[in-house]
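See below:
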């Protein structure tokens, strides 16, 4: 198992290098200059040129990339052009809020998505299945920011039961976790339903029923365990998406997380911040893929890590 994890991590190196190269090139070909954007019209051209030289932006791009890569391998992600703070320190400060929001959203996703998918599959073609399908498709189709604003309007302004912004108490986490989690719960419900329908139509389920086992034992002991394998893949990949895709949710609810840092970096063309957050995103996806593969062998011992 350890050899497998090391090999998968090694296979992720070319992916991370590719992401870093593409991000670096894109950041330097987009229109605009980060120094000019920071000072607008308050600095003369000589001052801007001096600052560009201090930041190393007047060096050839390959030299800048090599410098970034060497420092990144040493844990130094550079310094923000805007705040002059170390980017690694900014990310460390923002990660706790993003991780709390992500874990809460994952909990909402699993608690709502998996049971609805199972119920929908067991009542295939019924009114319950139809309602679950329509509801899931509605949540998948609805933009996150729109759902967030509707939730703020209803739960915050009209009913006054939950705070609509900030991150001071656990209550501040409820609404953003519900908004973010229900969207992914809809996807998980659809995958769970499809997987359950596939499994309950297989021979070993018919055999289990022919032996006289109760419906509950057949579903929960035999069908669910096998049906969850593809669902685990979806949930694992969506954790990576939740960690990095909470940008809009954090912005709408004023949560000081990674999303807010990323948006500020994009607005001010803060190259080191953007590069670091994109690279972090790639690392999260590589790690989550490995975690998903390992979980396969735990759910189904017939699958061996090779």
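In our numbering, the protein residues as written are 5 to 310.
Don't be surprised by glycine CBs; every beta carbon is placed ideally from N, CA and C.
For clarity, every value in this text was computed on a predicted model and none was experimentally measured.
Distance from the CA atom of residue 33 to the CA atom of residue 26, rounded to whole angstroms, is 11 Å.
Membership of residue 223 in any alpha helix (DSSP H) is not indicated, and neither H nor E is assigned to it by DSSP. In this structure, the CA atom of residue 132 is about 49 Å from the CA atom of residue 28.
In the DSSP assignment, residue 85 falls outside any alpha helix (DSSP H) and carries neither an H nor an E. A residue is called buried when at least 16 other Cβ atoms come within 10 angstroms of its Cβ; residue 88 does not meet this threshold and is exposed. Per DSSP, reduced to three states, the secondary structure at residue 49 is helical. Rounded to the nearest whole angstrom, the CA to CA distance from residue 189 to residue 267 is 25 Å. For the pair residue 91 and residue 59, the CB atoms are not nearer than the 9 Å cut-off. The stretch 211-222 makes no contact with the stretch 170-187, as fewer than three CB pairs between them are under 8 Å.
Distance from residue 94 to residue 277 at the Cβ level is roughly 7 Å; contact confirmed, criterion being Cβ atoms closer than 8 Å. Nearest Cα to residue 174 within the set 225, 246, 259, 128: 259.
Residue environment: residue 204 is assigned as buried (16 or more neighbouring CB atoms within 10 Å of its CB, all protein chains considered). Between residue 251 and residue 263, the beta carbon gap of about 4 Å places them in contact (Cβ cut-off 8 Å).
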